[in-house]
Amino acid sequence: MSKPAYYFSLLGVGLFLLVSFKSKLGTLLDDGPSPAHSPTEELATFQIEPGLKVQLVAAEPMVQEPIVMTFDADGRLWVVEMRGFMPNVEGEGENQPVGRVSILEDTNGDGQMDVSKIYIDSLVMPRAIALIPGGALIAENGALWLTKDTNGDLKADSKTLIDPDYAKNGLPEHAPNGLWRSMDNWYYNAKSRFRYRPVNGKWQRDSTEFRGQWGISHDDKGHLYYNYNWSQLHADLVPPNYLSRNKNHKPTTGIDYGVTLDRRVYPIRPTPAVNRGYIPGTLDKEGRLLEFTAACSPLYYRGAALPKEFYGNAFVCEPSGNLIKRNVVEEKGLLLTAHDPHPGREFMASTDERFRPVYLATGPDGSLYVADMYRGLIQHGAYVTPYLKEQTLSRKLDKPIHCGRIWRIVPENGKLPAPKKLSAVASADLVATLSNPDGWYRDMAQRLLVERNDQSVAPALTALAQTGPDELSRFHALWTLDGLKLSSPTVLLRLVADVDPLVRTTALRLLEPFARTDKMVRTKLETVLLKEWEKAPIDQVLQIALSANALSPNVSHQLLAGILERYGDSPLIRDAVMSSLEHQEYAFLQKLMKTPSWQAHDPSKEIFIETLATSVVRNRKPTELAALLAALDTKNGSLGWQEKAALTGMSIGGSIGKAKPIKLAAAPAILTRSSAKVDPSRLSALVSMFEWPGHVVAKNAVVKKSLLSEDDQKLFAQGRQLYLSTCAGCHGTDGGGLNRFAPTLIGSDWVVGDEKRLALILLHGMEGPVQVAGKLYDVPDVLPVMPAHSTMDDASLTAILTYIRNEWGNQAGPMGRRVVGMTRVTSQGRVVPWTAKELNKYILEASAASGK
């Protein structure tokens, strides 16, 4: 699922594979029609985890092509119906206004919807919804609209344009969606860099980090979860917009963190009708999908109806495999990890080829709800391969359309609690609801309290924030106060040293605006943090690093230096520290280089000094740069590890973009004196960055090797930063490899040789003995396995590969921009690391197949 042009680039290989693989799939290709089932028949096809059962909630014609759903405060289910999606195999007619939003209601409490009203119709490909007082935000026809029901009849009476650019570009699978209301009272989106919130009666749009592809949710602490079709579960390890504050630094972790490398799926029926089914390795010998190809709609379950072992699990839809994956999520220090508790058996799967789970939601009854588009063809027309078109038409998967089912997953035994209608509940009772064990009720109570703007609840919320029964109720109380603009710095200052880590970090985060504008608050906060940080839990240490930007520089630098000394081996901590240092990088670098504990070499300290120096260059202040170059110039010309790291950071950081040379008042001795022992490649780059009296940089000066274009140089610089946080821990900052960790990258044929082979190593990992530059590396001299990096996006992997192929004397030239993406597709189904022998054999066979 990528751009159409991408498939044209695969056409040569694809046609060959289609012909050669067709015989192997003969029984599947001739499998015949896949008849549509009634809801009752489909129900019989489900396999679900023991102790649970599936119940029908709604079906066509009541609901058609459901893609998103959400419950309102009174338990009614609002469903976005993309009825224009793929009317036929060519996708003709999707621009017709046939989409709608329906409201379904269960009036007798039996679990099935018996009343349906159309809230709004005549929509073009609607894709997202968020309920607001008196109506809903709806994304359709590429824009974001505010719809209002002015008379309470559950029908929209007005439709006002909020943002014409919400989903202006992109096809259904690759355009913004979500409108997910998170703990901080902002509405976040997947496949988007925008977030929204109401301010004084108007909707404000703000920029934020790019996240995911289809679907978004959050956990109890507000971490956002999302995914990509090829990588099932990603999350943010820090609150939004912190790591992107310093424009002089590009973070390499913390946002878009791959929570699990597990890509394996276990369908319970053959799945020949997947877009890449003709590629060997996509399907197993029984014709079943091997790994995620259409992962979407991750939901972190916070309901109270399912058995307690399901609370805090993340569920992911895979419509191409007719299944839903369950992931057990765990916190490990600052990181989140997830694993499949029952490899080989999915949480929910069907033998019905038309079961297409595309969205999950938790209901007010605590059940897990599943939106099932129920159709044969789930791939958008722009990406349909000839193979899939043949499958669809020959097996009659293009019809019928306009079906759809909503299912709910409930305990096999036990009665569900009756949902409470919250719209008319008194504000004081909503405050009490913030302590509900079910996350749906806590979220809804917070939302309603903020939307009501009832200032009378301030004392009750303040009391709950300070003495609530658990950290989650206190957490919600704090964010509700913030949404009502009722936060008290006095209360927050007390909570910074609270016993609950979540309360501590939240109070610190909410204190930032007060500390920026009120010197007295800032001074008190600084006193508390200087006293508390050394005994603070690690998650609060992370928040201190993020919040230090609101403190006085002398205090923030003291705190940040201490945090780096203790936790600087964490890439996330390093990025958090950098986020608080915009325009202060040079002063902080001066401080560190003079600190006694920073004199002895340490890999993490080397990385951070290099990172700081890169940011100093990006800040482009001539006086700072001249002073830094002077400070790096030693009397005897020899350079220590600090000087080398700083010069590396400056030379690589300065190669980014088309910036004009920086004018210095005088020639820097370290760049002009013959006795200065600067590496020639670094020296060339540095000299090209600056001008001084008597030295002018030619307009067409090449900063990096002639093998790399200007765009390649930018990629090279990005790759260095990613390499430092991802690879240097094993391969060393100088690429020479670290004993007992990994072999050298310098002069390695694995690095400078076949670029597809190198991409395969990063995508899937490598194990066992490997020969590099004539030396055999094996345990215990190196780790037994190099891990996969498949959760990283194609652009990031391409940057790393561009860097390592053209650094330390390697001169392999630019990395093809599409190599990683094409390799990811054609090697789909590989779920274990390569051995050297396997990998070389694979490359030889692939080369023979493509005629190269």
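Residue numbering for the sequence shown follows this note's numbering, starting at 10 and increasing by one per position.
Beta carbons: idealized from backbone N, C-alpha and C, even for Gly.
What's the C-alpha gap between residue i and residue j?
{"i": "residue 371", "j": "residue 377", "result": "5 Å"}
{"i": "residue 17", "j": "residue 808", "result": "In this predicted model, residue 17 has a pLDDT of only 36, less than 50, meaning its place in the structure is not dependable; the value taken from the coordinates is given anyway. Rounded to whole angstroms, residue 17 to residue 808 spans 24 Å at the Cα level."}
{"i": "residue 791", "j": "residue 383", "result": "50 Å"}
{"i": "residue 601", "j": "residue 544", "result": "23 Å"}
{"i": "residue 680", "j": "residue 767", "result": "36 Å"}
{"i": "residue 98", "j": "residue 404", "result": "12 Å"}
{"i": "residue 845", "j": "residue 780", "result": "8 Å"}
{"i": "residue 34", "j": "residue 281", "result": "Only weak support is given to the placement of residue 34: the predicted model assigns it a pLDDT of 46, under 50, and the value that follows is read from those uncertain coordinates. For residue 34 and residue 281, the distance between alpha carbons rounds to 8 Å."}
{"i": "residue 178", "j": "residue 172", "result": "13 Å"}
{"i": "residue 127", "j": "residue 532", "result": "56 Å"}
{"i": "residue 107", "j": "residue 169", "result": "19 Å"}
{"i": "residue 836", "j": "residue 588", "result": "37 Å"}
{"i": "residue 687", "j": "residue 459", "result": "59 Å"}
{"i": "residue 294", "j": "residue 279", "result": "10 Å"}
For the beta strand (DSSP E) that residue i lies in, which residues bound it at each end?
{"i": "residue 169", "result": "167-172"}
{"i": "residue 126", "result": "124-132"}
{"i": "residue 112", "result": "108-114"}
{"i": "residue 347", "result": "344-348"}
{"i": "residue 243", "result": "240-244"}
{"i": "residue 581", "result": "Unbroken run through residue 581 is the alpha helix (DSSP H), 580-588; no beta strand (DSSP E)."}
{"i": "residue 327", "result": "322-327"}
Along the chain, where does the alpha helix (DSSP H) that runs through residue i open and close?
{"i": "residue 96", "result": "Careful: residue 96 lies outside any alpha helix (DSSP H) and carries neither H nor E."}
{"i": "residue 739", "result": "737-740"}
{"i": "residue 613", "result": "612-628"}
{"i": "residue 48", "result": "48-52"}
{"i": "residue 831", "result": "828-835"}
Sorted by chain position, which residues of the same chain lie with C-beta nearer than 6 Å to residue i's C-beta, five sequence neighbours on each side aside?
{"i": "residue 51", "result": "361"}
{"i": "residue 198", "result": "185 and 187"}
{"i": "residue 451", "result": "443, 445 and 485"}
{"i": "residue 83", "result": "430 and 432"}
{"i": "residue 454", "result": "439, 442 and 443"}
{"i": "residue 817", "result": "744 and 755"}
Spatial neighbours of residue i within its chain, please: C-beta separation below 7 Å, excluding the five flanking residues on both sides.
{"i": "residue 411", "result": "69, 73, 74 and 92"}
{"i": "residue 689", "result": "none"}
{"i": "residue 593", "result": "562"}
{"i": "residue 365", "result": "328, 381, 382, 383, 384 and 387"}
{"i": "residue 131", "result": "106"}
{"i": "residue 547", "result": "342 and 343"}
Identify whether residue i lies in helix, strand or coil by the three-state DSSP scheme.
{"i": "residue 851", "result": "helix"}
{"i": "residue 530", "result": "helix"}
{"i": "residue 732", "result": "helix"}
{"i": "residue 160", "result": "coil"}
{"i": "residue 844", "result": "coil"}
{"i": "residue 431", "result": "coil"}
{"i": "residue 450", "result": "helix"}
{"i": "residue 712", "result": "At residue 712 the pLDDT is 46, less than 50, meaning the model places this residue with poor confidence; the figure from the coordinates comes in the next sentence. Three-state DSSP puts residue 712 in coil, outside helix and strand."}
{"i": "residue 758", "result": "helix"}
{"i": "residue 661", "result": "helix"}
{"i": "residue 334", "result": "strand"}
{"i": "residue 563", "result": "helix"}
{"i": "residue 445", "result": "coil"}
{"i": "residue 194", "result": "coil"}
{"i": "residue 83", "result": "coil"}
{"i": "residue 24", "result": "Its pLDDT being 41, under 50, residue 24 is placed unreliably in this model, and the value from its coordinates should be taken loosely. Helix, per DSSP."}
{"i": "residue 690", "result": "helix"}
{"i": "residue 595", "result": "helix"}
{"i": "residue 143", "result": "coil"}
{"i": "residue 484", "result": "helix"}
{"i": "residue 392", "result": "helix"}
Starting from residue i, follow its DSSP beta bridges and name the residues at the other end.
{"i": "residue 61", "result": "420"}
{"i": "residue 211", "result": "208"}
{"i": "residue 784", "result": "781"}
The ligand HEM and residue i: does any heavy atom of the ligand fall closer than 8 Å to the residue's C-beta?
{"i": "residue 188", "result": "Here there are no bound small molecules, and the ligand HEM is not part of this structure."}
Can you find the residues in the same chain that come closer than 8 Å, C-beta to C-beta, to residue i, ignoring five residues on each side of it along the sequence?
{"i": "residue 248", "result": "193, 231, 518 and 555"}
{"i": "residue 138", "result": "77, 79, 87, 89, 110, 145, 146, 147, 148 and 188"}
{"i": "residue 227", "result": "189, 191, 192, 233, 234 and 309"}
{"i": "residue 857", "result": "none"}
{"i": "residue 748", "result": "790"}
Between residue i and chain D, is any beta-carbon pair separated by less than 9 Å?
{"i": "residue 583", "result": "Protein chains in the displayed structure number just one, and chain D is not present."}
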